[in-house]
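Engineer: Can you read through this structure? Questions will come right after.
Residue numbers (this note's numbering): 2 to 371.
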């Protein structure tokens, strides 16, 4: 929700409040509600942000109605934005780069759809030599067409009918080329500005069918860079949320205090990939040779490496206990039972034969005659 507000409105406010029972809450404030109060001075307020003498934000003004204004200090209010300059105290929508293109595309598409409807409603056109009279409408319900054979209206012409026309009249089959083959390409040109403003490849946002294998990977990689940039932008606010919520829980006595309670590490969602099998094989080889760490591999899959190690430990203990129980019950070697329960190699584990049982297919030692 905050990411959408950042793209649409340019910024979004976060108000940290406490309920009457002492529970922390975070309220999201839309950008249009952050504005200067009525009695503000222009040298201290800029678009709802109160500035100090050094030019840093010290408070934010939020309105809920014409006569309802509240000012919150920076200690209880945060503004999520993506500034382009050091002195830009409010964010700009990501659509500002292509807003004119979006408006033009909407108007052109509306006009083109209307033209297609008009052309589709014209089945046949009767040409006459004399000009049309002012009292004869071009569109809408038409009167009867007078012919030598009697009255003949357009809705009475059936399949295979051959109408008889007056002298100087001609029936012309109306054909339309709207929308033209280049119309969609023109719309794509307008929408490229929108994708540039979002910081994403146009092929990723609108149409990826025109890309090949390498081009598709490049577009996915560029989109992933933008997503990682947005994630890094949200991490400081997530750290503040953690300290606000956990700190309140420690004050209430819900959780015990720890010297490192304010330290936290965030696990991001898995990376986008168009070659899951190819990437998995390459990552497996890197893990095998120590080039890639388990933390890096689990992070790209959206998992936490300590959780995976903990789960692997539980499954290994369970596997050993089950194999040991089956081996004691059947009298079979432990290695054989372990290989039957879980096979980790292409060839199953075959235990070596005992000394009392010679290998199958081995002839007995010949005896020499006395």
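Here a beta-carbon is modelled for each residue, glycine too, at the ideal position from N, C-alpha and C.
1. Tell me where the beta strand (DSSP E) around residue 80 begins and ends.
2. Looking at the strands, I want to know which residues DSSP matches up with residue 115.
3. Quick one: what's residue 35 bridged to in DSSP?
4. By Cβ distance, which residues of its chain are closer than 8 Å to residue 189, with the 5 residues on each side in sequence left out?
5. Would you mind sorting residue 263 into buried or exposed? The rule is 16 or more other CB atoms within 10 Å of its CB.
6. Using CA atoms only, rank isn't needed, just tell me which of 237, 23 and 316 is closest to residue 255.
7. Thinking C-alpha only, which one of 173, 84 and 259 is nearest residue 127?
8. Find the nearest neighbour of residue 18 within the set 26, 12 and 11, judged by alpha-carbon distance.
9. Output needed for residue 12: all residues of its chain with C-beta closer than 7 Å, excluding positions within five of it in sequence on either side, in chain order.
10. Give the secondary structure of residue 14 by DSSP, where H, G and I count as helix, E and B as strand, and everything else as coil.
11. For residue 55 and residue 15, I'd like the C-alpha separation in whole angstroms.
12. What does DSSP give as the partner residues of residue 74 in its beta bridges?
13. Classify residue 283 as buried or exposed, calling it buried when 16 or more other Cβ atoms lie within 10 Å of its own Cβ.
14. Could you check the C-alpha separation between residue 339 and residue 311 for me, to the nearest Å?
15. How many whole angstroms separate the CB atoms of residue 120 and residue 179, which I take to be in contact at a CB cut-off of 8 Å?
16. Alpha carbon to alpha carbon, what distance is there between residue 212 and residue 187?
17. Span of the beta strand (DSSP E) holding residue 127?
18. Three Cβ pairs or more, each shorter than 8 Å: is that satisfied between the stretch 267-280 and the stretch 292-302?
19. Give the secondary structure of residue 180 by DSSP, where H, G and I count as helix, E and B as strand, and everything else as coil.
20. Which residue from 210, 231, 38 and 205 puts its Cα closest to that of residue 220?
Structural biologist: From the atom records:
1. 78-82
2. Note: residue 115 sits in no beta bridge, so no partner.
3. 63
4. 203, 207 and 208
5. exposed
6. 23
7. 173
8. 26
9. 32, 80, 81, 82, 91 and 92
10. If DSSP states are grouped into helix, strand and coil, residue 14 belongs with the strands.
11. 23 Å
12. Beta bridge pairing from DSSP links residue 74 with 60.
13. By the 10 Å Cβ count, residue 283 comes out exposed.
14. 21 Å
15. 6 Å
16. If I take the Cα positions, the gap works out to 18 Å.
17. 125-128
18. yes
19. coil
20. 205
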